[in-house]
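>
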Amino acid sequence: MARPRIGVSGPDKGGAGMWFFTALAIFLAGGRPVRLHPANPKQQVQLDGLIISGGADVAESLYEERGEHPLDDLDAAEPETVHYLIGLVWYPLVASLRWLLSSRKRTASGDTARDKLEYALLEQALDDDIPVLGICRGMQLLNVFLGGTLFKSITEFYMEEPQVRTILPQVLVRLEPGLRLQKVFQREKLRVNALHDQAVDDLGEGLCISAQELNGVVQAIEHMGREFVIGVQWHPEFLQQKKEQRRLFRAMVQAANACRIHREEEAREM
């Protein structure tokens, strides 16, 4: 059976580390990753699913920051069991490859060429009703694309405890019960990593919050009217040694494969 094509967007320069690990996760889940970037958008390729990956901040011109910080009184959870021996190998590997493959310079002011490409990709993906997964910056861009806004800085969320920035699963998030993401992960709380400096403020049209930190930082969103349009603030591609994180890519590929089969059936009937 043909593997569904999953487009993975990224910048022209840098981002090779995220591409490598995201492509690996897609392949292991049964999909065929297709790299997309402004210089080579591969517009002729029929995609079955789309992943907007992490990277530079979303251009501020695309949104306006407004509103107060949302706070939610959530229960704490016991730390997740760590597969210690696997982690001893996996996390140094991820950190080393990110350093070797990624651009040495971080673009803090955004990447407008990439924003433009990903806006076009999101518009086409939603028109075609294929599954979409936004990762970190990708979640933020999805929210902005649908009319939402971002906090330009999240430092004020961390007045009582320090902000964590690490590829290690050190951040506790709570998944909203009954939503698509909670059903994918099959649990109510997760430990995830954190590499972001911005966060969702006002939600875009049709979106709901599906996971939050204890201090109210939005960690995941999903579209209430779509079968699979999800954004996560963390980087699941760097946590593939954890079974629950692999479930997210598996669910994405399964949804993409269902779209591919449906499209092929429609073509045969014509």
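The sequence shown begins at 1 in our numbering and counts up by one.
The C-beta atom is built at its ideal place from N, Cα and C for all residues, glycine as well.
Here the structure is a predicted model, which is why all the values come from computation and not from measurement.
What is the DSSP secondary structure of L47, reduced to helix, strand or coil?
Note: L47 maps to coil in three-state DSSP.
> Whole angstroms are fine: how far does the CA of D128 sit from the CA of R187?
So the two alpha carbons sit approximately 31 Å from each other.
> Using DSSP with H/G/I as helix, E/B as strand and the rest coil, what is E222?
Strand, per DSSP.
> Since V58 contacts R137 with CB under 8 Å, what's their CB separation in whole angstroms?
6 Å between Cβ atoms; contact.
> Using the Cα positions of R268 and T155, report the straight-line distance between them to the nearest angstrom.
Distance between the alpha carbons of R268 and T155 is about 54 Å.
> I need the straight-line Cα distance from W121 to M159, nearest angstrom please.
With the sequence shown as reference, residue 121 is identified as Leu, and Trp is not the correct amino acid for it. Computed Cα separation, rounded: 37 Å.
> What residues in its chain sit with their C-beta under 6 Å from that of G231, if we drop five residues either side in the sequence?
Result list for G231: G134, M139, L142, I221, in chain order.
> How would you label R260, buried or exposed, when you count the other beta carbons within 10 angstroms and need 16 or more for buried?
That one is buried.
> How long is the line joining the alpha carbons of M18 and K189, rounded to whole angstroms?
Near 25 Å, if we compare the C-alpha coordinates of K189 and M18.
> For N40, count the other beta carbons within 10 Å of its own beta carbon; 16 or more makes it buried, fewer makes it exposed. Which is it?
Exposed: under 16 other Cβ atoms inside 10 Å.
> Tell me whether the beta-carbon of H223 lies closer than 8 Å to the beta-carbon of L248.
Not a contact, by the Cβ cut-off of 8 Å.
> Below 8 Å CB to CB, which residues in the same chain sit around V171 once its five sequence neighbours on both sides are set aside?
V164, R191, V192, N193, A194, E213, Q219, W234, listed in sequence order.
> Across which residues does DSSP place G231 in a beta bridge pair?
G231 is bridged to G134, I221.
> The alpha helix (DSSP H) with G7 in it runs from where to where?
Here G7 belongs to no alpha helix (DSSP H); instead the beta strand (DSSP E) covers 5–9.
> Using only CA atoms, which one of G225, G204, P131 lies nearest to L50?
Comparing Cα positions, the closest option is P131.
> Since P38 and A113 are thought to touch, with beta carbons under 8 Å apart, how far apart are those beta carbons, to the nearest angstrom?
At roughly 4 Å, the Cβ-Cβ gap stays under 8 Å, so P38 and A113 are in contact.
> Whole angstroms are fine: how far does the CA of Q46 sit from the CA of K116?
Straight-line Cα distance between these residues: approximately 19 Å.
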